[in-house]
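Enquirer:
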Amino acid sequence: MDVYQVITTHRTIRKYKEATIPPEHLEKIIHSALRAPSSSNLQAYSIIRITDKNLRKQIAELAGKQEQIVTASEFFIFIADMYRLINCCRGIGVEAAQPNFLMLYVATVDAALAAQNMTLTAESLGYGTCYIGAIQEDPCGIAKLLNLPEYTYPLFGLTIGVPDEDPALRPRLPREAILHENRYPDDDSNVKAALNAFKGTEFHDSFKRRIKRYYSEAGRYKDRYNRMKNCLLKQGFNV
Ligand SMILES: Cc1cc2nc3c(=O)[nH]c(=O)nc-3n(C[C@H](O)[C@H](O)[C@H](O)COP(=O)(O)O)c2cc1C
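So in the numbering used here, spot 157 of the sequence shown is number 206, and the numbers just go up one at a time.
(1) Which one or two residues does DSSP pair with PRO212 in a beta bridge?
(2) Less than 8 Å between the CB atoms is what I'm expecting for VAL143 and SER88, so what's the real figure, rounded?
(3) Just verifying my parser: in three-state terms, what is the DSSP assignment at SER95?
(4) How many Å lie between ARG269 and LEU244 at the Cα?
(5) Between TYR53 and the rest of its own chain, which residues show a CB-CB distance below 8 Å, the 5 nearest in sequence each way excluded?
(6) Buried or exposed: where does PHE150 fall if 16 or more other Cβ atoms within 10 Å of its Cβ makes it buried?
(7) In terms of DSSP beta bridges, what is LEU75 paired with?
(8) Given the structure, does HIS253 come close to ligand 1, in the sense that its CB is under 7 Å from one of the ligand's heavy atoms?
(9) Rank ARG63, MET50, ASP51 by C-alpha distance to the C-alpha of ASP215 and give the top, closest one.
(10) What is the chain-ordered set of residues for which the beta carbon lies under 7 Å from any non-hydrogen atom of ligand 1?
(11) Suppose the cutoff is 6 Å on Cβ atoms and the five residues either side in sequence are ignored; what does the same chain contact list for THR61 look like?
(12) Could you have a look at ASP235 and say whether DSSP puts it in helix, strand or coil?
(13) Using three-state DSSP, classify TYR202 as helix, strand or coil.
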């Protein structure tokens, strides 16, 4: 498949067959992650490949019992890694700054690009993938399980495996909700387009449900944010 075809036929896959990814495919998947563009080419992330099934079970437990973490052929966790950079600073005799939000932002973008490269290569080889943001349910627990040192933070996971389901394409918001020319719209046309999206389909209600679940005052992100902040402080970030 060409790149455009891989991108436009992407579906998250959560059910996998029992299978091992051959080393030559795994090598391509990992190599493509490491070839992603990176801010100042410092690659402010690390990737931990989780091969220990017992460890996977423990991680799945902390991440809201997401079964695909256990059943996938491969599971990677992407880490914002200021530890390596700070110690490189020290290694060249330069005083290192305490990691802050800007560094976390740089690391997160770098890691996301690497992960998406991995995803596209895996999908081009016929595998299915699922990002696992749910490790934010207990980032400190994950950090402990992975032996993460100070100045590191677990960002998200990625499962890869042989698909055992064939879901339909999930819809995306209409273009006028997302894409603007020269300036942000001042007539809320983007908000209206989002609210009216998917009318007459099951996605209309599920979109509203998901917004409420994550973005409302009592939503999930509130608790996740508190746990994230506590973990970042514990890991030595200045946030
Ligand atoms: C950063 C990120 C975190 C995600 N976390 C999870 C997760 O924890 N569990 C899960 O089942 N899917 C997760 N997903 C997958 C999304 O739910 C999925 O991409 C979205 O519903 C759109 O479906 P599609 O990828 O099939 O188009 C995540 C996706 C992203 C980009």
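By construction, the Cβ of each residue, glycine as well, lies at the ideal position given by its N, Cα and C atoms.
Expert: According to the data block:
(1) Beta-bridge pairing by DSSP links PRO212 to TYR65.
(2) Between SER88 and VAL143 the Cβ distance is about 18 Å, and since that is not below 8 Å, they are no contact.
(3) Judged by DSSP in its simplified three-state form, SER95 adopts strand.
(4) Cα to Cα, ARG269 sits roughly 21 Å from LEU244.
(5) Only residues of its own chain outside the window of five on either side were considered, and among them none has a CB closer than 8 Å to the CB of TYR53.
(6) Burial check for PHE150: the Cβ neighbour count within 10 Å stays below 16, so the residue is exposed.
(7) For LEU75, which the question treats as bridged, DSSP gives no partner whatsoever.
(8) Outside the cutoff, so no.
(9) Among ARG63, MET50, ASP51, the Cα nearest to that of ASP215 is on ARG63.
(10) Selection output, chain order preserved: HIS59, ARG60, THR61, ARG63, ALA112, GLN115, GLN117, CYS179, TYR180, ILE181, GLY182, ALA183, PHE205, PRO216, LEU218, ARG219.
(11) Counting only residues of its own chain and dropping the five nearest sequence neighbours on each side, THR61 has a CB closer than 6 Å to the CB of CYS179.
(12) Coil at ASP235, not helix or strand.
(13) TYR202: strand per DSSP, three-state reduction.
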